[in-house]
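Residue numbers (the numbering used here): -2 to 299. See structure below.
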């Protein structure tokens, strides 16, 4: 099974490999691949996939799944459950979301996250009447709603999560928020997030935190962009045409900022006085900065 062919950066090579595998015609080898509808992928698959084996997941086929998800969130999410005593309001929320989702799970997720912030009926009614029709407009609205006090922290966090060389722990993200490459010194320990999970509040529905199981029994919380479409929007030219243009990201600029930020973080240590294990326990971003600053710099072309 290969999920989301459209997310592969070496797409042409991947399609050639799939065609080669299909050509083997092994009786007990079966491939299941998924993708958004992109013409180059469709053209490649049509060469070796029988048309009767192509299933188009149109909205009518996933609407029931989205409806189940919406109902589950309305009954289980404590921010939404406050409306459960009013069946009419619950019905309005479900009907409005089902009408607007058009097969987009991610769109429904984001709208429920935003509706959860409504504290009274007037806010809720206004929110339901003005739901953004597309994912792009949804992300534009979420980014534009980030307060000025948080915007620079959000930019730093989203930049690192978009271009990091490996998954980042939530503790590393808490320190990333305190790095400003435009000042000296770049790293200000007073700006480290006191509660690392505040990153979720700063970046709203755009990031998520999950537990990473590790082989030796311990686990850590990993922060990540909530969906591939978040990265796709942040690095697109489309974002530059909306109200959230300040969050638009160019890869060379961002890799340069991350590389500089890594070095700025490391330069706070003129002479470490702690044992290595204690040192890395106290300074969460030190290992990442030391290992990856040069790979980020190489991606700038400098």
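Each residue gets a CB set at the ideal place from its N, CA and C atoms; glycine is no exception.
- Cα atoms of residue 34 and residue 2: separation of roughly 10 Å, rounded to the nearest angstrom.
- Listed in chain order, the non-local C-beta contacts of residue 235 below 8 Å within the same chain comprise 133, local neighbours out to five positions each way being set aside.
- For residue 54, the closest of 99, 123, 244 by C-alpha to C-alpha distance is 99.
- The C-beta separation of residue 174 from residue 190 comes to about 5 Å, placing the pair in contact by the 8 Å criterion.
- A Cβ-Cβ separation of about 4 Å places residue 294 in contact with residue 256 under the 8 Å criterion.
- Shown here, residue 223 sits in coil according to DSSP, grouped into three states, outside any helix or strand.
- Note: residue 165 is bridge-paired with 220 in the DSSP secondary-structure output.
- The alpha-carbon of residue 200 is positioned some 43 Å away from that of residue 44.
- In the DSSP assignment, residue 252 falls within the alpha helix (DSSP H) that extends over 248 to 263.
- Distances from the alpha-carbon of residue 247 to those of 290, 136, 156, 221 put 156 closest.
- Rounded to whole angstroms, the Cβ separation of residue 178 and residue 298 is 18 Å, and the two are not in contact under 8 Å.
- Along the stretch 37 to 92, the alpha helix (DSSP H) occurs as fully enclosed runs of 4 or more residues at 56 to 73, listed in sequence order.
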